[in-house]
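S.K.: Going down the list, the protein sequences come from chains A and B. So for the first sequence, the working numbering puts the first residue at 1; every next one is plus one. So for the second sequence, the working numbering puts the first residue at 1001; every next one is plus one.
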Amino acid sequence: MHAFDYATPESVADAVVMLSDPGKNACVLAGGTDLIVQLRENRRRTDLVVDVKKIAELNALSCDAATGLTIGAAVPCYRIYGDGQIAAAYPGLMDAARLVGGTGIQGRASLGGNLCNASPAGDTIPPMIVLGGEAEIAGPDGTRKVAVEDFCTAPGRTVLADGEFLVSLHFPAPAPNSGAYYRRFIPRNEMDIAVVGVGASVVLSGDKSSFVSARIAVGAVAPTPLFVSAAGEALAGEPVSDETIQRAADIARDAARPISDMRGTAEYRKHLTSVLTRRVVQGAVQRAKE
Amino acid sequence: MSKKVHVQTNINGEAVDFLCEPRNSLLEVLRDELDLTGAKEGCNNGNCGACNVVMDGRLVNSCCVLGVEADGCEITTIEGIGAAANLHPLQQKFLEHAALQCGICTPGFIVSAKALLDSNPNPSEDEVRYWLAGNLCRCTGYDKIVRAVLDARNGA
Chain A
1 MHAFDYATPE SVADAVVMLS DPGKNACVLA GGTDLIVQLR ENRRRTDLVV DVKKIAELNA
61 LSCDAATGLT IGAAVPCYRI YGDGQIAAAY PGLMDAARLV GGTGIQGRAS LGGNLCNASP
121 AGDTIPPMIV LGGEAEIAGP DGTRKVAVED FCTAPGRTVL ADGEFLVSLH FPAPAPNSGA
181 YYRRFIPRNE MDIAVVGVGA SVVLSGDKSS FVSARIAVGA VAPTPLFVSA AGEALAGEPV
241 SDETIQRAAD IARDAARPIS DMRGTAEYRK HLTSVLTRRV VQGAVQRAKE
Chain B
1001 MSKKVHVQTN INGEAVDFLC EPRNSLLEVL RDELDLTGAK EGCNNGNCGA CNVVMDGRLV
1061 NSCCVLGVEA DGCEITTIEG IGAAANLHPL QQKFLEHAAL QCGICTPGFI VSAKALLDSN
1121 PNPSEDEVRY WLAGNLCRCT GYDKIVRAVL DARNGA
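1. Tell me whether residue 1048(B) sits in a helix, a strand or coil according to DSSP, three-state version.
2. Please tell me whether residue 63(A) and residue 89(A) are closer than 9 Å, where the distance is taken between their beta carbons.
3. Using a Cβ-Cβ cut-off of 9 Å, state whether residue 1033(B) counts as contacting chain A.
4. Enumerate, from N- to C-terminal direction, the unbroken alpha helix (DSSP H) stretches of 4 or more residues contained entirely within the region 1091 to 1147 of chain B.
5. Going by DSSP, what residue range makes up the alpha helix (DSSP H) through residue 242(A)?
6. Residue 86(A) touches chain B at which residues, Cβ-Cβ below 7 Å?
7. If the criterion is Cβ atoms closer than 9 Å, does the pair residue 55(A) and residue 26(A) meet it?
8. Taking Cβ to Cβ, would you say residue 288(A) is nearer than 9 Å to residue 199(A)?
9. For the region 1008 to 1048 of chain B, list the beta strand (DSSP E) runs that are entirely contained and at least 3 residues long, ordered along the chain.
10. Count Cβ pairs between the region 1036 to 1044 of chain B and the region 1099 to 1113 of chain B that sit closer than 8 Å; are there 3 or more?
11. Answer yes or no: do residue 1047(B) and residue 1136(B) have a C-beta to C-beta separation smaller than 9 Å?
12. In the DSSP assignment, find the beta strand (DSSP E) that holds residue 2(A) and state where it starts and stops.
13. When you compare only the Cα positions, how much space is there between residue 1053(B) and residue 34(A)?
14. Just the C-alpha distance for residue 1156(B) and residue 1091(B), rounded to the nearest angstrom, thanks.
15. Buried or exposed: which applies to residue 41(A), given that a residue is buried once 16 or more other Cβ atoms fall within 10 Å of its Cβ?
16. On the DSSP bridge assignment, give the partners of residue 178(A) in chain order.
17. If we cut at 9 Å on Cβ distances, does residue 1065(B) have a partner in chain A?
18. Mind checking the region 186 to 218 of chain A against chain B and listing, in chain order, the residues whose C-beta falls within less than 8 Å of any C-beta there?
19. Taking the DSSP output, what are the residues bridged to residue 1060(B)?
20. Give the C-beta separation of residue 227(A) and residue 217(A) to the nearest angstrom, bearing in mind that I take them to be a contact with Cβ-Cβ under 8 Å.
21. Note down the Cα distance separating residue 300(A) from residue 58(A), rounded to an integer number of angstroms.
22. Against residue 49(A), what residues of chain B qualify as contacts under a CB-to-CB distance less than 8 Å, listed in chain order?
23. Since residue 161(A) and residue 139(A) are thought to touch, with beta carbons under 8 Å apart, how far apart are those beta carbons, to the nearest angstrom?
24. Going by DSSP, name the residue or residues bridged to residue 71(A).
25. Counting only the same chain and skipping the five closest in sequence on each side, list residues whose C-beta sits under 7 Å from that of residue 106(A).
26. For the beta strand (DSSP E) containing residue 218(A), list its first residue and its last residue.
27. Please classify residue 1154(B): is it buried, with 16 or more other beta-carbons within 10 angstroms of its beta-carbon, or exposed?
28. For the region 1061 to 1073 of chain B against the region 1015 to 1026 of chain B, do three or more pairs of beta-carbon atoms, one drawn from each stretch, fall closer than 8 Å, so that the two count as touching?
29. Of the residues 43(A), 253(A), 225(A), 237(A), which one's Cα is nearest the Cα of residue 148(A)?
30. Could you tell me which of 131(A), 137(A), 278(A) sits nearest to residue 171(A), measuring between CA atoms?
31. Are the Cβ atoms of residue 71(A) and residue 94(A) separated by less than 9 Å?
32. Near residue 244(A), which residues of its chain fall below 7 Å by C-beta distance, leaving aside the five closest residues on each side in sequence?
33. For residue 196(A) versus residue 167(A), is the C-beta spacing smaller than 9 Å?
34. Once the 5 residues before and after residue 230(A) are set aside, which same chain residues still bring their CB inside 6 Å of it?
35. Helix, strand or coil: which one does DSSP assign to residue 44(A)?
36. Give me the chain B residues within the contact set of residue 101(A), using Cβ-Cβ distance strictly less than 7 Å, ordered along the chain.
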């Protein structure tokens, strides 16, 4: 690995100063499970690794029935699914937090890091999108908020400008009669990269017979995780039925723009997008009924 | 070369100080600086679990941790689990069930399995298999390893 310096700022402001230094090509370290491997394999180069784990806001984890869920950008997966209240309130997020890598990876890897790594197949990104996640970004000009669906701009690229970094993720409190679900298809039982991943959240009517609203996002079928707003909108106001769910699945399939690679052909991924969307919406409906 | 950093840790119950460059992984420090060669370099990218150690109570891949990040941390490596004359129950069960062949993956499996039993003393077979999904073994086919861990549940 090439040589670099290492710093551990204890405040957001100090981190911004370090990341904004025009003389340095600095990068942010949280769990390191992507960054350290990328540095070792010379896929990234840096002069300065800024470890943000000593900043209080990056380690914050709080859940409130009124204001929702705030997850510091460096909070590792195990702390999220290890919190009984959060796991019960956001099962769609747990589906993904529990399957990013193995136990050792989950001891370090964060949702914030998964988002900033901006892999099209990042498992936690579709559920964060469908749950209405919002990213809080700090930078030289202060803080700003960006919806998770707008955060990734290309494989490995994000909206973060020079000197900016992700501080936290915020999710609204779950609506009554709502449910969310994430599933991916992989050819192994675990520890693999999604061929296709789909997240869905639904809000049902009081008698659970129709959709009030829905959000659907798909992974590994476009240059970024893709929010398919039209698929969710097609469910709003419609009865919960195989026909309406299939219509949403068809819209998600048509929105997918996959490539062919060693994990599957574009045609295969299109088909999987439809199948998974149907099952994931059904799973979200089931959770909304529980 | 970047300046070396002084790092203070506690490894297997003993205060340990070392010097390392920021680019050195915790795995490199353990093996090359501290002569704790039980943790193995398998994939060096977080897939295989052969380098797993426990850091402040959490199982981590030491190849995906910088040595400088260990400052102030408590670390348990395979060297801190059992002894030749006094095997940890997991080690004894790995022998009884022939849960190893070449042995390269074994330290990682023992460290990971101990972390599981420390947090969940009575896991189901499914829980054992998912917990150990990040540990790869190319010899045994896993069944013997899983059986050894299941058999160690009450003795560990």
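Ideal Cβ positions, reconstructed from N, Cα and C, are used throughout, including at glycine. Here the structure is a predicted model, which is why all the values come from computation and not from measurement.
M.R.: Based on what the coordinates show:
1. As a working mapping, residue 1048(B) is identified with position 48 in the second sequence. Three-state result, residue 1048(B): coil.
2. Translated into the one-based positions of the first sequence, residue 63(A) becomes position 63. Translated into the one-based positions of the first sequence, residue 89(A) becomes position 89. Yes, they are a contact pair.
3. Working through the second sequence from its first residue, we reach residue 1033(B) at position 33. It does not: the Cβ of residue 1033(B) has no partner Cβ on chain A nearer than 9 Å.
4. Runs of the alpha helix (DSSP H) spanning 4 or more residues and lying entirely within the region 1091 to 1147 of chain B occur at 1106 to 1119, 1125 to 1131, in chain order.
5. As a first step, residue 242(A) is located in the first sequence; it is residue number 242 there, counting from the start. First-last of the alpha helix (DSSP H) with residue 242(A): 242 to 255.
6. The sequence position of residue 86(A) within the first sequence is 86, counting from 1. Those do not exist, as residue 86(A) stays about 17 Å from chain B at its closest Cβ, beyond 7 Å.
7. Working through the first sequence from its first residue, we reach residue 55(A) at position 55. Working through the first sequence from its first residue, we reach residue 26(A) at position 26. Taking a C-beta distance under 9 Å as the contact criterion, residue 55(A) and residue 26(A) do not qualify as a contact pair.
8. By one-based count along the first sequence, residue 288(A) stands at place 288. By one-based count along the first sequence, residue 199(A) stands at place 199. The answer is no: Cβ separation not under 9 Å.
9. 1014 to 1020
10. yes
11. Here residue 1047(B) refers to the residue found at position 47 when the second sequence is read from its first residue. Here residue 1136(B) refers to the residue found at position 136 when the second sequence is read from its first residue. A contact, by the Cβ cut-off of 9 Å.
12. The residue given as residue 2(A) occupies position 2 in the first sequence. Here residue 2(A) belongs to no beta strand (DSSP E), and DSSP marks it neither H nor E.
13. As a position in the second sequence, residue 1053(B) is number 53, starting the count at 1. As a position in the first sequence, residue 34(A) is number 34, starting the count at 1. The straight-line gap from Cα to Cα measures roughly 18 Å.
14. Reading the second sequence from its first residue, position 156 is the one you call residue 1156(B). Reading the second sequence from its first residue, position 91 is the one you call residue 1091(B). Note that residue 1156(B) has pLDDT 45, beneath the 50 cutoff, so the model's placement of it is unreliable and no number is given.
15. Working through the first sequence from its first residue, we reach residue 41(A) at position 41. Per the 10 Å Cβ criterion, exposed.
16. As a first step, residue 178(A) must be located in the first sequence, where it is residue number 178. According to DSSP, residue 178(A) bridges with 203(A).
17. Taking the first residue of the second sequence as position 1, residue 1065(B) is located at position 65. So yes, residue 1065(B) belongs to the interface.
18. Hits within the stretch, in order: 189, 190, 191.
19. Position 60 of the second sequence, counted from the first residue, corresponds to residue 1060(B). The partner list for residue 1060(B) (beta bridge, DSSP) reads 1053(B).
20. In the first sequence, the residue the question calls residue 227(A) occupies position 227. In the first sequence, the residue the question calls residue 217(A) occupies position 217. That belief holds up - the Cβ atoms of residue 227(A) and residue 217(A) are roughly 5 Å apart, short of 8 Å.
21. The structure shown does not extend to residue 300(A), since chain A is modelled only from 1 to 290, so the question has no answer here.
22. By 1-based counting over the first sequence, the position of residue 49(A) is 49. Going along chain B in sequence order, the residues near residue 49(A) (Cβ under 8 Å) are 1022, 1066.
23. Along the first sequence, read from residue 1 onward, the residue named residue 161(A) stands at position 161. Along the first sequence, read from residue 1 onward, the residue named residue 139(A) stands at position 139. Going by Cβ atoms, the distance from residue 161(A) to residue 139(A) rounds to 6 Å, so yes, they are a contact pair.
24. In the first sequence, the residue the question calls residue 71(A) occupies position 71. Note: residue 71(A) sits in a beta bridge opposite 61(A), 169(A).
25. Numbered from 1 along the first sequence, position 106 holds the residue referred to as residue 106(A). Once the five neighbours on either side are set aside, the close Cβ partners of residue 106(A) are 76, 77, 78, 100.
26. Along the first sequence, one-based indexing puts residue 218(A) at 218. From DSSP, the beta strand (DSSP E) with residue 218(A) extends over 211 to 219.
27. The count along the second sequence starts at 1 and reaches residue 1154(B) at position 154. It is exposed - the Cβ of residue 1154(B) has fewer than 16 other Cβ atoms within 10 Å.
28. yes
29. Here residue 148(A) corresponds to residue number 148 of the first sequence, with the count starting at 1. With distances taken between Cα atoms, residue 148(A) lies closest to 225(A).
30. Locating residue 171(A) in the first sequence gives position 171, where the first residue counts as 1. Comparing Cα positions, the closest option is 131(A).
31. Your numbering for residue 71(A) matches position 71 in the first sequence. Your numbering for residue 94(A) matches position 94 in the first sequence. It is not a contact, given that the beta carbons lie outside the stated cut-off.
32. Within the first sequence, the letter at position 244 stands for residue 244(A). For residue 244(A), where only same-chain residues beyond five positions count, the Cβ hits under 7 Å are 235, 238.
33. As a working note, residue 196(A) is residue 196 in the first sequence. As a working note, residue 167(A) is residue 167 in the first sequence. The answer is no: Cβ separation not under 9 Å.
34. Residue numbering aside, residue 230(A) sits at position 230 when the first sequence is read from its first letter. Excluding sequence neighbours, residue 230(A) sits near 251.
35. As a first step, residue 44(A) must be located in the first sequence, where it is residue number 44. Coil.
36. For the purposes of this step, residue 101(A) is identified with residue 101 of the first sequence, where counting begins at 1. Simply 1046, 1134.
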